[in-house]
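A.B. asks: Per our numbering, the very first residue in the sequence shown carries number 1027; after that it's consecutive.
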Amino acid sequence: MSTLDVLVIVVYLIMIMCLGLFVGKDNKTQEDYFLAGRSMPWIPIALSVAATMISANSFVGGPGWAYTDGIMPFMQNVTVPLACFMAATITAPIFYYLRVASVYEYMGMRLGKWSRFLTVVQFFINSLIQVSSMVYVPALIIRMITGWNMKIIVPIIVGCAIVYTITGGIKAVIWTDAVQMIVLWGGMIAILFLAVKETGMGFAGAISQAADTGKYNAFDFSMDISRTNSLFCSCFGVFMWIRYFCFDQAQVQRILTSKSIRGIKKSLVTSTIMMNLMYFLMLFVGTIFFVVYQGKKFETSNEIMIGFMLQYLPKGVLGLVIAAVFAAAMSSVDSLLNSMTTTFTKDIYEQYFSKDKGRETTLKRTIAVSTVLGVIIIFIVIIGFDGSVKSVIDVVGRYISYFAGPALGAFLLAMFTTRASDKGVAIGFVSGLICGYLLAQKYEISWLLNPAIGAGITMVCGYLISMVIPDKKTREETLAYTAMGIRKKMLEEGGEREDGVYAIPFKLDKYAVTLLIIFVLQYVILVIIR
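#1: So within the segment 1226-1252, which uninterrupted alpha helix (DSSP H) runs reach at least 4 residues, ignoring any that extend past its ends?
#2: Alpha carbon to alpha carbon, how far is Asp1420 from Ile1178?
#3: Quick one: Cα of Ser1141 to Cα of Leu1490, how far?
#4: Counting only runs that start and end within the segment 1122-1204, where is the beta strand (DSSP E) found for 3 or more residues in a row?
#5: Return helix, strand or coil for Arg1269, following the three-state DSSP convention.
#6: Could you give the first and the last residue of the continuous alpha helix (DSSP H) run that contains Phe1048?
#7: Using a Cβ-Cβ cutoff of less than 6 Å, which residues in the same chain neighbour Leu1307 once the five nearest sequence positions on both sides are dropped?
#8: Would Gly1096 be called buried (16 or more neighbouring beta carbons within 10 Å of its own) or exposed?
#9: Report yes or no: is there a C-beta of chain C within less than 8 Å of the C-beta of Ile1403?
#10: Would you kindly check if the distance between the Cβ of Met1160 and the Cβ of Ser1021 is under 8 Å?
#11: Hey, how far is the Cα of Arg1136 from the Cα of Gly1488?
#12: Let me check understanding here. Comparing Cα to Cα, which of Thr1369, Ala1446, Cys1259 and Tyr1123 lies closest to Ala1478?
#13: Helix, strand or coil: which one does DSSP assign to Ser1284?
#14: Nearest-angstrom Cα distance between Ile1460 and Phe1150?
#15: Buried or exposed for Val1036, please, with buried defined as at least 16 other CB atoms from any protein chain shown within 10 angstroms of its CB.
#16: The alpha helix (DSSP H) that contains Ala1076, what's its start and end?
#17: Using the C-alpha atoms, what's the distance from Val1147 back to Phe1370?
#18: For Phe1545, which of helix, strand or coil comes out of DSSP?
#19: How far does the alpha helix (DSSP H) with Ala1349 in it extend, from its first residue to its last?
#20: Quick one: what does DSSP say Tyr1537 is sitting in, helix, strand or coil?
#21: Between Ile1530, Gly1526, Val1318 and Thr1500, which has its C-alpha nearest Lys1514's C-alpha?
#22: With a threshold of 7 Å on Cβ separation, who are the neighbours of Val1034 within its own chain once the five nearest residues in sequence on each side are excluded?
#23: Which term fits Ala1230, buried or exposed, when burial requires 16 or more other beta carbons within 10 angstroms of its beta carbon?
#24: Around the C-beta of Asn1175, are 16 or more other C-beta atoms found within 10 angstroms, so that it is buried, or is it exposed?
#25: Considering only C-alpha positions, which residue in the set Gly1511, Gly1431, Gly1212 and Val1395 is nearest to Thr1443?
#26: Going residue by residue through the segment 1452-1524, where are the continuous alpha helix (DSSP H) segments of at least 4 residues, counting only ones entirely within it?
#27: Around the Cβ of Ser1065, are there at least 16 other Cβ atoms within 10 angstroms (buried) or fewer (exposed)?
#28: Can you tell me whether Tyr1528 is helix, strand or coil according to DSSP?
#29: Relative to the C-alpha of Ser1074, which residue among Gly1480, Ala1276 and Val1407 is closest?
#30: Could you check whether Gly1087 and Asn1255 sit closer than 8 Å to each other, using their CB atoms as the reference points?
#31: Answer yes if the segment 1191-1199 comes into contact with the segment 1041-1061, meaning at least three C-beta pairs across the two stretches below 8 Å, and no otherwise.
#32: Over what stretch of residues does the alpha helix (DSSP H) that includes Phe1100 continue unbroken?
#33: Quick check on Leu1339: does DSSP put it in helix, strand or coil?
#34: Okay, do the segment 1534-1542 and the segment 1124-1134 touch, 3+ Cβ pairs below 8 Å being the bar?
#35: Could you spell out the range, first to last residue, of the alpha helix (DSSP H) harbouring Tyr1319?
#36: Do you know how far the Cα of Thr1094 is from the Cα of Val1550?
Dropping the structure here:
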């Protein structure tokens, strides 16, 4: 790697940290730190949501995956617009109305301490596994390119994210993520341009040759439950994405920083387009790589992208692309770090350890929590995951899916039924986790189905047990925090519309319709290009 490449990377990291420090310098309260005073424009929110989902693993691994499977892996993301549709029409208006900082606060309001505690625990387990893999895999890649030691690379990635996250809070996270999303696009477009150039046959010629090998056929009509990219399994993927976009703290917290409900809906539509378009572009680049290398065999999928970077990228451009890998990693770290800080502060510290119950934690103590969590991430990556890439991917792909289902089932019971009780949902959660895991071990089930299975078991068991162990709350107290109860209350208060858009749940508007059109349009495009 040349001096110019190193300079590009260093300048980029310094600029990102300075930006984070600058935009977050006015934080004075906990709401500023966690929700940016609910004052963020919708465009950076949309870019931030998209940047968090597009990890460095996808940036490097996506093209490698498409090298062998074509664009078929896109089917895993095809139901993202449906999940964002549900967020825009139901869950986001509810959380926005309640003005919660943590989605798990809602679980405490509606059900109680047991359901809230279990959903908080699953969030931390998921987040630590997820953020560790999102650092470890790109760190391995950067080590292969630069020769630097892992014990240097990991602290740089996480340390930079810690610096601007602890000082700037969610505002710094969103603005730096927005910049990093732009860097990601720049890096991927540069690689696409150079890859097409190396084919020697132009854009149309490269596409034609890739199409002749079947790389643009996205449809697998098999009913085999072990085939993750099949049309059948992809339909059940919506359960995973609903949990992610509707009930995951990292995503919900971002959109709740918006100035208005209109901003929330705009950001959901825009981020949906950006996420799936970027993922498609990554896969498309992989199909062009297949033409460049003429179908050459590689030991691992990561070697394809890394090999192309080292062999074909000119000085300076290589630095830009490595900066894009750093960007993808840091955009995942900062978002999860801030969300874990919010959840720990609101759902653990203030509930169980604070001497002043009901009072917000000071900003100084909140920053201290964020710092400690950041250091923990560094140690987990270096010590806990200092093994093979395969072990990390296995953990991320499967074990997160085991927790996603029960968490989704618990939220659905809380929000859409009046029968669900705290202990009933808690027992249903544990049942969904254990049974879902055992079923996945016994049968060769795609991890994309695990959330649907876990959610189904949790909802059935949780509902039935709630009938046996009901809460002592009155029906009116219970209904007050259900989706229909909140809708009724908002209508009584005259809050049907805000800023020219519908603010109540279960109301279609142009943003919701747009998301449905995007969902259908994806299939139309996939049919046309096959």
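We treat Cβ as the ideally placed atom computed from N, Cα and C, and that holds for glycine.
C.D. replies: The short version:
#1: 1228-1238
#2: Note on Asp1420: pLDDT 43, under 50, position unreliable in the model; no value is reported.
#3: 16 Å
#4: none
#5: helix
#6: Thr1029 to Val1049
#7: Met1214
#8: buried
#9: Of the protein chains in the structure, only one exists, and it is not chain C.
#10: Within the shown structure, residues of the chain are numbered from 1027 to 1556, placing residue 1021 beyond reach of any answer.
#11: 15 Å
#12: Cys1259
#13: strand
#14: 18 Å
#15: exposed
#16: Trp1068 to Met1079
#17: 10 Å
#18: helix
#19: Val1343 to Thr1369
#20: helix
#21: Ile1530
#22: Gly1342, Gly1345, Leu1346 and Ala1349
#23: exposed
#24: exposed
#25: Gly1511
#26: 1476-1494, 1501-1505 and 1509-1518
#27: exposed
#28: strand
#29: Ala1276
#30: no
#31: yes
#32: Per DSSP, Phe1100 belongs to no alpha helix (DSSP H) and is neither H nor E.
#33: coil
#34: no
#35: Run containing Tyr1319: none; DSSP gives neither H nor E here.
#36: 23 Å
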